[in-house]
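Contents: one structure, followed by commentary.
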Amino acid sequence: FCNHYPTCQKAWAAGKRVVKFIGYDAGEGYRSDKVLLGDLADRKYSKWYPLMEWGWTRDDCIRQIEAAGLPQPGKSSCFFCPSMKPDEITALREQHPDLFRRALALEDNARKNLKTVKGLGRNYSWRERFGKEFCTHGNG
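The end of the sequence shown is residue 191 by this note's numbering, with every number in the run present.
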């Protein structure tokens, strides 16, 4: 998305980095630690971890959202997240079949280049495990 977004293009043309807000809570320092060197070397993006900076845990976030009178958001992730659990993939297939088909298409598109993983499930293909009835292009 950002590669084609005029605001980002202008920032990069001016030698600036685009700030990405990352929602890791204060209990997830291990996640930001793993990517720190990559973050520092990234010429296009600067990452900011506000919840960690503020010391907010997941419970703090829930309290702040409640205090603001807002509904609690569910877990967020990309519709093709390799970290999805099987029940989340099944829910995606049942509740958002259009996005599930797109995830399968992404997996199919990448298949010829995969060397160490089998698909979106890393050690298994989403299509093989969850999407046989969605088969297209003779892939299964």
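From the three backbone atoms N, C-alpha and C, an ideal C-beta is built for every residue, glycine too.
- Looking at the backbone, the Cα of residue 146 and that of residue 65 are separated by about 43 Å.
- Non-local beta-carbon contacts of residue 96 in its own chain, meaning distances under 7 Å to residues more than five positions away in sequence, involve 68, 69 and 71 in chain order.
- Here residue 168 carries a coil assignment [DSSP, helix/strand/coil].
- Relative to the Cα of residue 94, the nearest Cα in the group 80, 134 and 59 belongs to 59.
- A distance below 6 Å between beta-carbons, with the five flanking residues on each side excluded, links residue 78 to the following residues of its chain, in chain order: 108.
- Residue environment for residue 100: buried (at least 16 other C-beta atoms within 10 angstroms of its C-beta).
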